[in-house]
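Trainee: A single structure is presented below for examination.
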Amino acid sequence: MGYNDNEIAFHFNPRFEGSGYVVCNTKQLGTWGPEEKKMQMPFQKGSPFEICFEVESSAFKVMVNKNIFMEYAHRLPFHKFNGISIKGGTVHPALVPRGWVWGPVPSVAPAV
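Under UniProt numbering, the first residue of the sequence shown is numbered 1, with each subsequent residue one higher.
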């Protein structure tokens, strides 16, 4: 998810080496930042799964099979995200957009 090939807001990369883990990163001005690794694998090779990426004001929230897997703090302004790209060995991905909401995140004021 991001702007273009030089600006990638959220790179989510499951790796099946060893017991498996997920690498996340952001690319700014053509340069990758420090990797964040989640030393847990939510997927099993050959098994179907459902993944949901929610864009919140401070982070991406990743849910796998309806369970929260992780959050990844934004390193780029979230209001500039304009697309999603899926690459790799995913077979028959079904994308179900749940809506893009643009604009300021509403604040909740205490009742008086």
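Built from N, CA and C at the ideal position, the CB exists for glycine as well.
Would you report the Cα separation of residue 30 and residue 9, rounded to the nearest angstrom?
Mentor: Whole-angstrom Cα-Cα distance: 11 Å.
Trainee: Whole angstroms is fine: what's the gap from residue 12's alpha carbon to residue 42's?
Mentor: Straight-line Cα distance between these residues: approximately 12 Å.
Trainee: Please classify residue 16: does DSSP put it in a helix, a strand, or coil?
Mentor: Three-state DSSP puts residue 16 in coil, outside helix and strand.
Trainee: Reducing DSSP to helix, strand and coil, say where residue 74 ends up.
Mentor: Reduced to three states, the DSSP call for residue 74 is coil.
Trainee: Using DSSP bridges, identify the partner residues of residue 61.
Mentor: In DSSP, residue 61 forms a bridge with 54, 71.
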